[in-house]
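Student:
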Amino acid sequence: MINVDRSESLTGTSDPYVKFKIGRKEVFRSKIIHKNLNPVWEEKACILVDHLREPLYIKVSHLLVFDYDFGLQDDFMGSAFLDLTQLELNR
Numbered sequence: 001m002i003n004v005d006r007s008e009s010l011t012g013t014s015d016p017y018v019k020f021k022i023g024r025k026e027v028f029r030s031k032i033i034h035k036n037l038n039p040v041w042e043e044k045a046c047i048l049v050d051h052l053r054e055p056l057y058i059k060v061s062h063l064l065v066f067d068y069d070f071g072l073q074d075d076f077m078g079s080a081f082l083d084l085t086q087l088e089l090n091r
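Mapped onto UniProt numbering, the consecutive letters of the sequence shown carry residue numbers 1 to 91.
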């Protein structure tokens with residue numbers, strides 16, 4: 001589970017989504033949660049991993065989270081790395 005803390009400096013609304021990347025390849029993108037500064041993604045994804053030594057990059061715009069702006073470039077909100085070597089295999 002990935003939690004994105006609400007920033008006290010945010011005002012108005014946001015349309016966040018999360019991207020997961022391994023290397024430069026995007027392997028998952030969440031749904032956009034419209035007009036929400038405290039999003040909860042109740043989604044699951046199965047991601048095939050070739051090399052456990054390569055970390056999973058999570059970007060929020062996001063972990064990768066982005067703010068979706070129709071017709072404009074999405075705003076970066078934060079990111080994180082997940083060390084795949086620490087996960088249990090075959091679970």
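Glycine is no exception: its CB is placed at the ideal position from the N, C-alpha and C atoms.
Just how far apart, CA to CA, sit Leu63 and Thr85?
Tutor: In this prediction, Leu63 scores a pLDDT of 34, lower than 50, which makes its location untrustworthy; no coordinate-derived value is stated.
Student: Assuming Glu54 and Gly23 are in contact, meaning their beta carbons sit under 8 Å apart, how far apart are those beta carbons, in whole angstroms?
Tutor: Beta-carbon to beta-carbon, Glu54 and Gly23 are separated by about 6 Å, close enough to satisfy the 8 Å threshold.
Student: Counting only runs that start and end within the stretch 16-69, where is the beta strand (DSSP E) found for 3 or more residues in a row?
Tutor: 16-22, 25-29, 56-60, 65-67
Student: Going by DSSP, what residue range makes up the beta strand (DSSP E) through Leu82?
Tutor: 80-82
Student: Given Phe81, which residues of its chain have a CB within under 8 Å of its CB, disregarding the five upstream and five downstream residues?
Tutor: Cβ neighbours of Phe81 beyond the five flanking positions: Pro55, Leu56, Tyr57, Ile58.
Student: Taking 8 Å as the threshold (C-beta atoms), are Ile47 and Phe70 in contact?
Tutor: In this structure, the beta-carbon distance from Phe70 to Ile47 does not fall below 8 Å.
Student: Around the Cβ of Lys35, are there at least 16 other Cβ atoms within 10 angstroms (buried) or fewer (exposed)?
Tutor: Classified as exposed, Lys35 has fewer than 16 neighbouring CB atoms from the shown chains inside 10 Å of its CB.
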